[in-house]
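Trainee:
2 protein chains.
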Amino acid sequence: MMIKGKIPLYIQTKEYIVGLIERGEYKPGSQLPTEKDLMEKLKVGRATVRAALSELEREGTVIKKHGSGTFVAVPHKTYSFEPLISLSFSLKKMGIELKNKTLLTEKTVAQGELLSGWQHGTELGHIKRVRTSGGIPIAIEDSFYTPDLFEIVSKASPTESVAHVILEGSAENVGRVLMEVIIRQPTDEERYIVEIDSDERVANMKRWIYAEDKKKPVNYVSVVVPLKFLK
Amino acid sequence: MMIKGKIPLYIQTKEYIVGLIERGEYKPGSQLPTEKDLMEKLKVGRATVRAALSELEREGTVIKKHGSGTFVAVPHKTYSFEPLISLSFSLKKMGIELKNKTLLTEKTVAQGELLSGWQHGTELGHIKRVRTSGGIPIAIEDSFYTPDLFEIVSKASPTESVAHVILEGSAENVGRVLMEVIIRQPTDEERYIVEIDSDERVANMKRWIYAEDKKKPVNYVSVVVPLKFLK
DNA sequence: AAGTGGTCTAGACCACAAC
DNA sequence: TTGTGGTCTAGACCACTTT
Numbered sequence: 001m002m003i004k005g006k007i008p009l010y011i012q013t014k015e016y017i018v019g020l021i022e023r024g025e026y027k028p029g030s031q032l033p034t035e036k037d038l039m040e041k042l043k044v045g046r047a048t049v050r051a052a053l054s055e056l057e058r059e060g061t062v063i064k065k066h067g068s069g070t071f072v073a074v075p076h077k078t079y080s081f082e083p084l085i086s087l088s089f090s091l092k093k094m095g096i097e098l099k100n101k102t103l104l105t106e107k108t109v110a111q112g113e114l115l116s117g118w119q120h121g122t123e124l125g126h127i128k129r130v131r132t133s134g135g136i137p138i139a140i141e142d143s144f145y146t147p148d149l150f151e152i153v154s155k156a157s158p159t160e161s162v163a164h165v166i167l168e169g170s171a172e173n174v175g176r177v178l179m180e181v182i183i184r185q186p187t188d189e190e191r192y193i194v195e196i197d198s199d200e201r202v203a204n205m206k207r208w209i210y211a212e213d214k215k216k217p218v219n220y221v222s223v224v225v226p227l228k229f230l231k
Numbered sequence: 232m233m234i235k236g237k238i239p240l241y242i243q244t245k246e247y248i249v250g251l252i253e254r255g256e257y258k259p260g261s262q263l264p265t266e267k268d269l270m271e272k273l274k275v276g277r278a279t280v281r282a283a284l285s286e287l288e289r290e291g292t293v294i295k296k297h298g299s300g301t302f303v304a305v306p307h308k309t310y311s312f313e314p315l316i317s318l319s320f321s322l323k324k325m326g327i328e329l330k331n332k333t334l335l336t337e338k339t340v341a342q343g344e345l346l347s348g349w350q351h352g353t354e355l356g357h358i359k360r361v362r363t364s365g366g367i368p369i370a371i372e373d374s375f376y377t378p379d380l381f382e383i384v385s386k387a388s389p390t391e392s393v394a395h396v397i398l399e400g401s402a403e404n405v406g407r408v409l410m411e412v413i414i415r416q417p418t419d420e421e422r423y424i425v426e427i428d429s430d431e432r433v434a435n436m437k438r439w440i441y442a443e444d445k446k447k448p449v450n451y452v453s454v455v456v457p458l459k460f461l462k
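Which chain is which? The protein sequence lines are A and B, in order. Each residue of the first sequence is one higher than the one before, counting from 1 in the numbering used here. Each residue of the second sequence is one higher than the one before, counting from 232 in the numbering used here.
1) Just to confirm the assignment: which complete alpha helix (DSSP H) runs, minimum length 4, are found wholly within the region 251–275 of chain B?
2) Which bits of chain B does A:Glu57 rub up against, with CB to CB less than 8 Å?
3) Could you say if the region 137–154 of chain A and the region 189–197 of chain A meet the contact criterion of at least three C-beta pairs nearer than 8 Å?
4) I'd like to know if A:Met39 contacts chain B, where contact means its C-beta is closer than 8 Å to some C-beta of that chain.
5) Alpha carbon to alpha carbon, how far is A:Gly29 from A:Lys41?
6) Do the region 214–224 of chain A and the region 242–260 of chain B make contact, defined as three or more Cβ pairs closer than 8 Å?
7) Which residue comes first and which comes last in the alpha helix (DSSP H) that contains B:Glu286?
8) Under a CB-based cut-off of 8 Å, is B:Gly291 close to chain A?
9) In this structure, how does DSSP classify A:Glu15 when only helix, strand and coil are distinguished?
10) Using CA atoms only, rank isn't needed, just tell me which of A:Val130, A:Arg184, A:Val109, A:Thr132 is closest to A:Thr122.
11) From which residue to which residue does the alpha helix (DSSP H) around B:Lys386 run?
12) At a Cβ threshold of 8 Å, is A:Val72 touching chain B?
13) If you measure from the beta carbon of B:Val411 to each beta carbon in chain A, is any gap under 8 Å?
14) Please work out which residues of its chain come closer than 7 Å, Cβ to Cβ, to B:Pro457, disregarding the five sequence neighbours upstream and downstream, and give them in chain order.
15) Leaving out five residues before and five after A:Phe144 in sequence, what residues of the same chain have Cβ atoms less than 6 Å from its Cβ?
16) Report buried or exposed for B:Gly291, applying the criterion of at least 16 other Cβ atoms within 10 angstroms of its Cβ.
17) Starting from A:Glu189, trace the beta strand (DSSP E) in both directions and tell me its first and last residue.
18) Any C-beta of chain A sitting closer than 8 Å to the C-beta of B:Val340?
19) Excluding the 5 residues preceding and the 5 following B:Thr336 in the sequence, name in chain order all residues of the same chain whose CB lies nearer than 6 Å to its CB.
20) Against chain B, with Cβ distances strictly below 8 Å, would A:Val194 count as a contact?
21) What does the alpha-carbon distance come out to for the pair B:Tyr247 and B:Val280?
22) How about B:Ile242 and B:Val303: do their beta carbons lie closer than 8 Å?
23) Pull up the distance between the alpha-carbon of A:Thr70 and that of B:Ala278, whole angstroms please.
24) Alpha carbons only, please: which of B:Val384, B:Val455, B:Gln350 is nearest the one belonging to B:Asp419?
25) Measuring alpha carbon to alpha carbon, tell me which of B:Trp439, B:Phe381, B:Gly250, B:Val249 ends up nearest B:Trp349.
26) Hey, A:Val130 and A:Lys101 are a contact pair by Cβ (cut 8 Å); roughly how many whole angstroms apart?
27) Starting from the Cα of B:Ile238, find the closest Cα among B:Leu269, B:Thr265, B:Ala283 and give me that residue.
28) Below 8 Å on C-beta distance, what does A:Ser30 contact in chain B?
29) Which residues share a DSSP beta bridge with B:Trp439?
30) Given that B:Val449 touches chain A, what residues does it touch there, using C-beta distances under 9 Å?
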């Protein structure tokens, strides 16, 4: 090791491991050298190796399994669309964990503005949640699903990304995703839930996911976040 | 410390620090006890304290500042609008390395259905780029801007995210963002540029950014990526 | 100069998985 | 039982910020 003078050893260790993977010496799913191997090979302490591997795990490059070893992460196809359409995915990548609190779970029918491409009277599942971080309400989320999807989503972990469930759950193949973000004044209900003044503005993200036939959405989500949390 | 037998010390340390914050003993923005203080107070090693603080920083609860101290995070300003609407941000998260090759920079006028939202004949700046990874063309990007924005974008680094420039550059306040992702067959030109067969499908991501008046877009971008690169 | 977090080592013991 | 990663300590020196 120790080639470069200024760069921290654990960064150099990271680069060494990434190099092994990029050169194809260790394929996705295969086991990487053990921490002990890396210590001896690179002549560094174990904390240094672990710091490198920890960052790589956080970045999704490797997966550590207690008792068995460290493995090259297998990129999964369905993850590909996720960052584009998932709010929680993007925030998580930035290191921000949101906690969900479910306010309401019900069966309803499409009506009013919420038609969103659905026929009037279409049966839908509806979940209303508040997302918090450190106990502070950050976002209000209203999500609507076709009955089939509602079954699947209801059984999934409430902290799991809906986009992830849809993409991964094989219920439907995604054919089209539409997303809209607008800046507007909050409603009274929104002001109450996220505790803001009436002169503060909110970002309202709406997302429609269509199945492969592209006719009607299988999922519609509206997320409201005060602008002060976004700038 | 050492109250609970099975739970790791660094987790207990985390809980202790979170408790300090939740009980209001340390308000957002204020400086937390130093690592040394925590070591002595809790009778644990420094690595344990640092493990706790590292997780708390990753979760967005605290902020460490080299040379000055560790502070309770201020929930404001922590979140960014960018991941929601930036294509390059998302692509980067997919592991797609961003090297841009500009094929075309021109002034043009709005025409055809692709430029929906603009009046026929509106003056626009147009940039056509190919994104490559390891010399292989991965994505085709066509972006259109109002003349004012075109000036700013042209001067910005070509690798910089357009969404970033628009959000940070204060050229306009963003009032509305519309994004669409569809899966379709490639055009002949697309097949030529990214070197794919006609039976392979592509993901076409389109994004419109509207200024505060929400009438006409200030930016329209279309990115085409072969599905096989999204695995 | 003093204090803070950042990096690093050497060594120990524990918890889990596989043989 | 063996080997892996998980946790933890004690101590050292470095880099940055503030006084």
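C-beta atoms are modelled at their ideal positions from N, C-alpha and C, and glycine is treated no differently.
Mentor: Put simply:
1) 266–273
2) As a working mapping, residue 57 of chain A is identified with position 57 in the first sequence. Ordered by position in chain B, no residue passes the 8 Å Cβ test against A:Glu57, which lies about 12 Å from the chain.
3) yes
4) The residue you call residue 39 of chain A lines up with position 39 of the first sequence. It does not: the Cβ of A:Met39 has no partner Cβ on chain B nearer than 8 Å.
5) One-based indexing of the first sequence puts residue 29 of chain A at position 29. One-based indexing of the first sequence puts residue 41 of chain A at position 41. If you take the alpha carbons of A:Gly29 and A:Lys41, they lie about 22 Å apart.
6) no
7) The count along the second sequence starts at 1 and reaches residue 286 of chain B at position 55. First-last of the alpha helix (DSSP H) with B:Glu286: 277–289.
8) Residue 291 of chain B sits at position 60 when you count from the first residue of the second sequence. At least one chain A Cβ lies under 8 Å of B:Gly291.
9) To locate residue 15 of chain A, count along the first sequence from 1; it is residue 15. Three-state result, A:Glu15: helix.
10) By one-based count along the first sequence, residue 122 of chain A stands at place 122. That would be A:Val109, whose Cα lies nearest to the Cα of A:Thr122.
11) Start at 1 with the first residue of the second sequence, and residue 386 of chain B comes out as number 155. Note, B:Lys386: alpha helix (DSSP H), 378–386.
12) Position 72 of the first sequence, counted from the first residue, corresponds to residue 72 of chain A. By this cut-off, A:Val72 is not an interface position.
13) Position 180 of the second sequence, counted from the first residue, corresponds to residue 411 of chain B. Sequence check: residue 411 of chain B is Glu here, not Val. Output row for B:Glu411: interface = yes.
14) One-based indexing of the second sequence puts residue 457 of chain B at position 226. Answer for B:Pro457: Val425, Ile427, Glu431, Val433, listed in chain order.
15) Translated into positions along the first sequence, residue 144 of chain A becomes position 144. Excluding sequence neighbours, A:Phe144 sits near Leu124, His126, Tyr220.
16) Within the second sequence, the letter at position 60 stands for residue 291 of chain B. The residue in question, B:Gly291, is buried, as its Cβ has 16 or more Cβ neighbours within 10 Å.
17) Walking along the first sequence from the start, residue 189 of chain A turns up at place 189. No beta strand (DSSP E) holds A:Glu189; the alpha helix (DSSP H) holding it covers 188–194.
18) For the purposes of this step, residue 340 of chain B is taken as residue 109 along the second sequence, with counting starting at 1. Not one chain A Cβ lies under 8 Å of B:Val340.
19) In the second sequence, counting from the first residue as 1, residue 336 of chain B sits at position 105. Result list for B:Thr336: Ile358, in chain order.
20) As a first step, residue 194 of chain A must be located in the first sequence, where it is residue number 194. No - not a single Cβ of chain B is within 8 Å of the one on A:Val194.
21) As a working mapping, residue 247 of chain B is identified with position 16 in the second sequence. As a working mapping, residue 280 of chain B is identified with position 49 in the second sequence. Taking the straight line joining both Cα atoms gives about 11 Å.
22) Your numbering for residue 242 of chain B matches position 11 in the second sequence. Your numbering for residue 303 of chain B matches position 72 in the second sequence. Against a cut-off of 8 Å, the Cβ pair of B:Val303 and B:Ile242 comes out as no contact.
23) In the first sequence, residue 70 of chain A corresponds to position 70, counting from 1. In the second sequence, residue 278 of chain B corresponds to position 47, counting from 1. Rounded to the nearest angstrom, the two C-alpha atoms are 22 Å apart.
24) Residue mapping note: residue 419 of chain B aligns to position 188 of the second sequence, counting from 1. Of B:Val384, B:Val455, B:Gln350, the residue nearest in Cα terms is B:Val455.
25) Within the second sequence, numbered from 1, the residue matching residue 349 of chain B stands at position 118. Cα-wise, what sits closest to B:Trp349 is B:Trp439.
26) In the first sequence, the residue the question calls residue 130 of chain A occupies position 130. In the first sequence, the residue the question calls residue 101 of chain A occupies position 101. Correct: roughly 5 Å between the Cβ atoms.
27) Position 7 of the second sequence, counted from the first residue, corresponds to residue 238 of chain B. Checked all of B:Leu269, B:Thr265, B:Ala283; the closest Cα to B:Ile238 is B:Ala283.
28) Within the first sequence, the letter at position 30 stands for residue 30 of chain A. None at all; the shortest Cβ gap to chain B is about 18 Å.
29) Here residue 439 of chain B refers to the residue found at position 208 of the second sequence. Its beta-bridge partners are B:Leu409, B:Tyr451.
30) Counting from one through the second sequence, the residue named residue 449 of chain B turns up at place 218. Ordered by position in chain A, no residue passes the 9 Å Cβ test against B:Val449, which lies about 14 Å from the chain.
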